[in-house]
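K.L.:
Quick mapping for you: the protein sequence lines, in order, are chains P and A. Under the working numbering, the very last position in the first sequence is 177; numbers go up by exactly one each time. Under the working numbering, the very last position in the second sequence is 394; numbers go up by exactly one each time.
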Amino acid sequence: MAPIRDKFTIHSKAIVCQDVELKGDITIGSGTIVHPKATIFAVAGPIVIGSGCIIEESAIIVNRRKEVMRIGDDNLFEIGCRIEAPSIGFFNTFSTRSRVHHTVRISSFCVIGANCVLAPADDDTLSDYTVVYGPSAERRTWTGKGKIQEADLRRKHAEYLREMLPKFNRLRRGDGT
Amino acid sequence: MEPPIYYSRAEFIETDTGNKVSRRATIAGPQNIILGGKTIISSGAIIRGDLRRSGPGHAVVISLGRYCVVVGDYVHIGAASVVEAATIGNYVEIGKNCIIGKFTIIKDCAKIADNTVIPPNTVIPALSLFSGSPGHFTEDLPESTQDIVEVQTKQHYARFQPLDRDLVRSSLYYVPYNSHLLVSLPLPMNLLPVNPVTPQQCRNLLLGAASSLQSTL
């Protein structure tokens with residue numbers, strides 16, 4: 001296999017800490033926050049992350065496929081989650097230590113609960129507002145109630161982190177700047 | 178008393194007040210972290226002081242824990258646990274592999290079993306044992322819990338001893354006292370001298386130990 005060529009495009013308003021492991025072709029959109037000790041690993045195809053995402057420490061995002069892995073806006077990747085989904089929509093939450101395999105595509109407004117493993121053998125798409133929960137990874141649909149409040153809370157949280165993280169961490173810049 | 182837990186002197190930094198902090202732990206925002214003394218922070222731990230103000234108390238034993246916002250005295254957080262609690266009282270025991278959700282309040286002398294997932298915003302009352310996924314109340318703990326936990330955490334601190342001998346550097350080989358111990362600890366510092374064996378046996382044991390270490394690392 002050809003060696004992985006590193007190419008990082010980081011928006012000037014994104015907060016990417018120095019202590020982050022990046023490999024491959026990665027694009028990070030404006031206002032996205034990557035905590036220290038997170039790992040983003042574009043093994044085969046590139047990874048494109050939208051704006052306003054929060055990627056917490058020891059979260060792992062991997063693209064094993066050839067095509068582009070697109071991650072939409074305002075997604076939250078909590079501590080220790082491992083995500084390999086080929087496409088992710090908007091406003092999803094991947095809780096602590098959840099795992100999503102490369103066979104699942106994630107739409108928008110989904111929640112993967114803590115410790116849930118999503119690993120179907122065949123290709124699968126999680127429709128909008130799906131909530132995966134509990135030890136056996138059951139699914140149900142969120143009514144969308146309190147969606148605006150949730151979105152506001154997430155934006156506030158991101159705003160707070162954008163203010164706090166640069167005070168204590170050194171930041172990484174893209175190749176272009 | 179249980180056998181001592183050995184660590185390499187090179188890996189840990191020891192302060193005057195008896196804090197032992199691994200060089201391989203990640204500590205962000207150290208201005209906001211106060212170690213109460215006699216605290217152990219094991220390797221691989223991530224402690225975030227850059228997110229909120231914090232001030233842990235006295236004799237906190239943390240092994241691979243993280244997110245200690247307000248942690249009381251005599252608290253033990255097990256390996257690979259993720260703690261995002263708002264407050265943690267005194268004499269609290271958190272098992273291994275636990276996930277404690279955001280804004281959780283843990284009162285004094287509570288115990289959380291291994292592999293528990295506590296949902297966000299939970300309040301865990303004093304003297305109660307929580308377990309399961311999602312974590313729920315399982316039983317009341319005896320009133321002597323406070324003394325038991327105090328003795329346990331103090332013992333843990335006492336058992337955590339430096340070992341200067343390092344398998345990798347030393348030319349003098351010792352046979353592992355018990356191979357299970359070797360797998361459970363991260364570095365080859367837990368080798369204890371036992372009865373002599375043949376050089377061939379010694380070699381085989383060491384090769385086995387090395388491969389098991391490689392797989393754990």
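Even glycine gets a Cβ: it sits at the ideal position worked out from N, Cα and C.
Return helix, strand or coil for K167(P), following the three-state DSSP convention.
P.N.:
Along the first sequence, read from residue 1 onward, the residue named residue 167(P) stands at position 167. In this structure, K167(P) counts as helix in the three-state DSSP scheme.
K.L.:
Shorter than 8 Å from the beta carbon of A59(P) to some beta carbon of chain A?
P.N.:
On the first sequence, residue 59(P) is found 59 positions in, with the first residue counted as 1. It does not; no Cβ of chain A falls within 8 Å.
K.L.:
Put R64(P) into one of helix, strand or coil per three-state DSSP.
P.N.:
As a first step, residue 64(P) is located in the first sequence; it is residue number 64 there, counting from the start. The answer is coil: DSSP assigns R64(P) none of H, G, I, E or B.
K.L.:
Contact between the segment 43 to 57 of chain P and the segment 13 to 31 of chain P: three or more CB pairs below 8 Å?
P.N.:
yes
K.L.:
Any beta-carbon of chain P closer than 8 Å to the one on V294(A)?
P.N.:
Position 117 of the second sequence holds residue 294(A). Closer than 8 Å to some Cβ of chain P, the Cβ of V294(A) qualifies, so yes.
K.L.:
Verify whether the separation of the beta carbon atoms of G113(P) and S95(P) is less than 8 Å.
P.N.:
As a first step, residue 113(P) is located in the first sequence; it is residue number 113 there, counting from the start. As a first step, residue 95(P) is located in the first sequence; it is residue number 95 there, counting from the start. Yes, the Cβ-Cβ distance between G113(P) and S95(P) is below 8 Å.
K.L.:
May I ask which residues mark the beginning and end of the beta strand (DSSP E) holding I190(A)?
P.N.:
By one-based count along the second sequence, residue 190(A) stands at place 13. Element bounds for I190(A): F189 to E191.
K.L.:
Any Cβ of chain P within less than 8 Å of the Cβ of T281(A)?
P.N.:
For this step, residue 281(A) is matched to residue 104 along the second sequence. No, because no Cβ of chain P sits closer than 8 Å to the Cβ of T281(A).
K.L.:
Measure the Cβ-Cβ separation of I289(A) and I282(A) and say whether it is below 8 Å.
P.N.:
What you label residue 289(A) is simply residue 112 of the second sequence in a count that begins at 1. What you label residue 282(A) is simply residue 105 of the second sequence in a count that begins at 1. Not in contact: I289(A) and I282(A) (Cβ atoms no closer than 8 Å).
K.L.:
Quick one: Cα of C116(P) to Cα of D193(A), how far?
P.N.:
Position 116 of the first sequence, counted from the start, is the residue given in the question as residue 116(P). Position 16 of the second sequence, counted from the start, is the residue given in the question as residue 193(A). C116(P) and D193(A) have their alpha carbons spaced roughly 43 Å apart.
K.L.:
Using only alpha-carbon positions, find the residue among C275(A), I182(A), A287(A) and G266(A) that is nearest to T322(A).
P.N.:
In the second sequence, residue 322(A) corresponds to position 145, counting from 1. Comparing Cα positions, the closest option is A287(A).
K.L.:
With 8 Å set as the bound, which would you pick, yes or no: does the beta-carbon of V259(A) sit closer than that to a beta-carbon of chain P?
P.N.:
Here the question's residue 259(A) lines up with position 82 in the second sequence. Yes, its Cβ sits closer than 8 Å to a Cβ of chain P.
K.L.:
Once the 5 residues before and after D128(P) are set aside, which same chain residues still bring their CB inside 8 Å of it?
P.N.:
As a position in the first sequence, residue 128(P) is number 128, starting the count at 1. Cβ neighbours of D128(P) beyond the five flanking positions: G89, S107, S108, F109 and C110.
K.L.:
Taking the CB atoms as reference points, tell me whether V259(A) and I79(P) lie closer together than 8 Å.
P.N.:
If you number the second sequence from 1, residue 259(A) lands on position 82. If you number the first sequence from 1, residue 79(P) lands on position 79. The answer is yes: Cβ separation under 8 Å.
K.L.:
Just to confirm, are I61(P) and I40(P) a CB contact at a threshold of 8 Å?
P.N.:
Within the first sequence, residue 61(P) is the residue found at index 61, counting from 1. Within the first sequence, residue 40(P) is the residue found at index 40, counting from 1. Yes, they are a contact pair.
K.L.:
Let me confirm a value: A121(P) is counted as buried when at least 16 other C-beta atoms fall within 10 Å, else exposed. Which label applies?
P.N.:
On the first sequence, residue 121(P) is found 121 positions in, with the first residue counted as 1. Flag for A121(P) reads exposed.
K.L.:
Which partner residues does A205(A) have in the DSSP bridge list?
P.N.:
Residue 205(A) sits at position 28 when you count from the first residue of the second sequence. Answer by DSSP bridge pairing, in chain order: R225(A).
K.L.:
I think E57(P) touches A38(P), with their Cβ atoms under 8 Å apart; what is that distance to the nearest whole Å?
P.N.:
Sequence index remark: in the first sequence, residue 57(P) carries index 57 (1-based). Sequence index remark: in the first sequence, residue 38(P) carries index 38 (1-based). E57(P) to A38(P), Cβ: 6 Å. Contact.
K.L.:
Give the single residue among E316(A), V198(A) and I265(A) whose Cα lies nearest to the Cα of F280(A).
P.N.:
Position 103 of the second sequence, counted from the start, is the residue given in the question as residue 280(A). Closest by alpha carbon: I265(A).
K.L.:
What residues from chain P crowd round T203(A), counting only those whose CB sits closer than 9 Å?
P.N.:
Stepping through the second sequence from its first residue, residue 203(A) is reached at position 26. Going along chain P in sequence order, the residues near T203(A) (Cβ under 9 Å) are D19, P36, K37 and E57.
K.L.:
What distance in whole Å lies between the Cβ atoms of D175(P) and T9(P), which are believed to be in contact at a cut-off of 8 Å?
P.N.:
Start at 1 with the first residue of the first sequence, and residue 9(P) comes out as number 9. Start at 1 with the first residue of the first sequence, and residue 175(P) comes out as number 175. Contact holds; Cβ gap of about 7 Å.
K.L.:
Using 8 Å as the limit for Cβ to Cβ distance, is I157(A) near chain P?
P.N.:
This structure cannot settle anything about residue 157(A), because the visible part of chain A is limited to 178 through 394.
K.L.:
Suppose contacts are defined by Cβ-Cβ distances below 8 Å. Is V104(P) in contact with L118(P) by that definition?
P.N.:
The sequence position of residue 104(P) within the first sequence is 104, counting from 1. The sequence position of residue 118(P) within the first sequence is 118, counting from 1. Closer than 8 Å, so yes.
K.L.:
Would you please verify whether the beta carbon of G80(P) is less than 8 Å from any beta carbon of chain A?
P.N.:
Numbered from its first residue, the first sequence carries residue 80(P) at position 80. So, interface residue.
K.L.:
Got a sec: which bits of the segment 182 to 199 of chain A sit with their beta carbon under 7 Å from any beta carbon on chain P, in order along the chain?
P.N.:
none
K.L.:
Using Cβ-Cβ distances below 7 Å, what residues of the segment 304 to 335 of chain A are close to chain P?
P.N.:
S310
K.L.:
Could you name the residues of chain P that I276(A) contacts, counting a contact when the two beta carbons are closer than 9 Å?
P.N.:
By one-based count along the second sequence, residue 276(A) stands at place 99. The contacting residues are I79, G80, S95, T96, R97, A114 and N115.
K.L.:
If you draw a straight line from the C-alpha of K197(A) to the C-alpha of F189(A), how long is it?
P.N.:
Counting from one through the second sequence, the residue named residue 197(A) turns up at place 20. Counting from one through the second sequence, the residue named residue 189(A) turns up at place 12. So the two alpha carbons sit approximately 6 Å from each other.
K.L.:
Exposed or buried, what is N381(A) when buried is set at 16 or more other beta-carbons lying within 10 Å of its beta-carbon?
P.N.:
The residue labelled residue 381(A) in the question sits at position 204 within the second sequence. Residue environment for N381(A): exposed (fewer than 16 other C-beta atoms within 10 angstroms of its C-beta).
K.L.:
Using a Cβ cut-off of 9 Å, which residues of the segment 163 to 175 of chain P contact any Cβ in chain A, in chain order?
P.N.:
M164, L165, K167, F168 and N169
K.L.:
Got a sec? Which residues, its chain only, sit under 6 Å from L212(A) by beta carbon, not counting five neighbours each side?
P.N.:
Within the second sequence, numbered from 1, the residue matching residue 212(A) stands at position 35. Correct list, in chain order: N196.
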